Amino acid sequence: MSMPTTIRSRTTAQRNSKRSVPRTRLTAAAKRRFQTRLLNWYRKHGRDLPWRKTSDPYRILVSEVMLQQTQVDRVIPKYHEFLRRYPSFEELAEAPVADVRKTWYPLGYNIRPERLHSIACETVERYGGELPRAADELLSFKGIGRYTAGAIRSFAFNEDAPILDTNVIRVLHRVFLAKGNPKTQKTKLWELSEALIPRGKGYDFNQAIMDFGAMCCTARNPTCRQCPMKSFCKTYPFDVKHGRR
Ligand code: SF4
0 MSMPTTIRSR TTAQRNSKRS VPRTRLTAAA KRRFQTRLLN WYRKHGRDLP
50 WRKTSDPYRI LVSEVMLQQT QVDRVIPKYH EFLRRYPSFE ELAEAPVADV
100 RKTWYPLGYN IRPERLHSIA CETVERYGGE LPRAADELLS FKGIGRYTAG
150 AIRSFAFNED APILDTNVIR VLHRVFLAKG NPKTQKTKLW ELSEALIPRG
200 KGYDFNQAIM DFGAMCCTAR NPTCRQCPMK SFCKTYPFDV KHGRR
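Take the sequence shown: its position 66, counted from the start at 1, is 65 in numbering that gives the first Met the number 0, and no numbers get skipped.
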């Protein structure tokens with residue numbers, strides 16, 4: 000019996016729309032393989048950074064806000080100077096915002112010290128100087144987005160919270176998707192970031208994937224030949240498939 004035209008055409012449309020959705024079959028074995036190789040790589044190559052020696056939510060927040068748009072080597076001296084001057088939420092909240100801006104110089108993007116100051120004021124007023132750990136409460140602060148909330152939850156509170164910054168987007172897109180514009184696939188990438196975290200290891204996993212994106216799977220010169228993911232990375236080898244821009 001032939002199918003009515005309307006149903007047939009709807010079915011074709013459905014098939015086509017399914018085809019356009021990037022499929023990522025993340026089997027348990029693929030997950031384990033990525034996790035194991037990433038964490039092994041991190042043990043050998045992970046960076047020794049000052050904000051990895053603390054779990055103080057204030058210090059983690061300061062480092063995360065500074066690292067938005069600024070390279071690690073420029074952030075390190077400013078991070079120490081800023082904390083000497085404003086060692087806690089209370090001291091930052093009490094400081095005039097113009098002074099905070101001056102201390103921030105020359106990092107740039109002056110909206111960042113203002114936001115940090117406003118987060119400090121809110122933390123003192125609403126939470127007695129203790130940053131909350133719940134995602135919805137963190138996200139209610141002006142200046143704390145999904146990435147920063149995830150970073151605070153995993154680096155300060157040791158939770159298995161996903162993060163998605165430029166480095167993480169690049170690594171996950173290259174290894175698991177390879178097609179399309181990463182900017183339009185954030186939902187899928189957030190899902191991947193969350194699904195890949197090994198239980199109880201959110202802190203190490205998130206630090207590892209950021210280092211991996213900054214040092215191995217870099218934007219322009221990824222070291223594909225030495226990469227532990229090359230046997231299953233969908234973009235390997237980057238140079239041949241995509242060329243350098
Ligand atoms: S093989 Fe190349 S593109 Fe793939 S994850 Fe490794 S460095 Fe990145």
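Beta carbons: idealized from backbone N, C-alpha and C, even for Gly.
Note that this is a predicted model, so its numbers are computed, not measured.
Around the beta carbon of P236, fewer than 16 other beta carbons sit within 10 angstroms, so the residue counts as exposed. Scanning the region 167-236 for uninterrupted beta strand (DSSP E) segments of 3 residues or longer gives nothing; none is fully contained. At least one heavy atom of ligand 1 lies less than 7 Å from the C-beta of M228.
Taken atom to atom, the span from the alpha-carbon of S139 to that of M214 is near 33 Å. Taking the Cα of G142 as reference, the smallest distance to any Cα among E90, C120 and G45 is reached at C120.
DSSP, reduced to helix, strand and coil, places Q34 within a helical segment of the structure shown.
Nearest to Q68 by C-alpha distance, out of A97, G128, T234 and P112, is P112. Going by DSSP, R145 is part of the alpha helix (DSSP H) stretching over R145 to F154. Taking C-beta atoms as the reference points, F175 and R32 fail to come closer than 8 Å.
Each residue's CA atom was taken as its position, placing E158 and Y202 some 7 Å apart. Using a cutoff of 7 Å, the CB of V174 counts as near ligand 1, since one of the ligand's heavy atoms is closer than that. When the five nearest sequence neighbours on each side are left out, the beta carbons in the same chain lying within less than 6 Å of the beta carbon of T234 are those of R173 and A177, in order along the chain. Distances between the C-beta of F237 and the heavy atoms of ligand 1 include at least one below 7 Å. Distances between the C-beta of C216 and the heavy atoms of ligand 1 include at least one below 7 Å.
Ligand 1 never approaches V167 closely enough for any of its heavy atoms to be under 7 Å from the residue's Cβ.
Taking the C-beta atoms as reference points, L137 is found no nearer than 8 Å to L163. C-alpha of K52 to C-alpha of S62: approximately 12 Å in a straight line. For the region 66-118, the full-length alpha helix (DSSP H) segments reaching 4 residues or more read 71-84, 88-93 and 96-103 along the chain. The C-alpha of K43 is placed about 31 Å away from the C-alpha of G144. Note that the C-beta distance between L130 and Y57 is below 8 Å.
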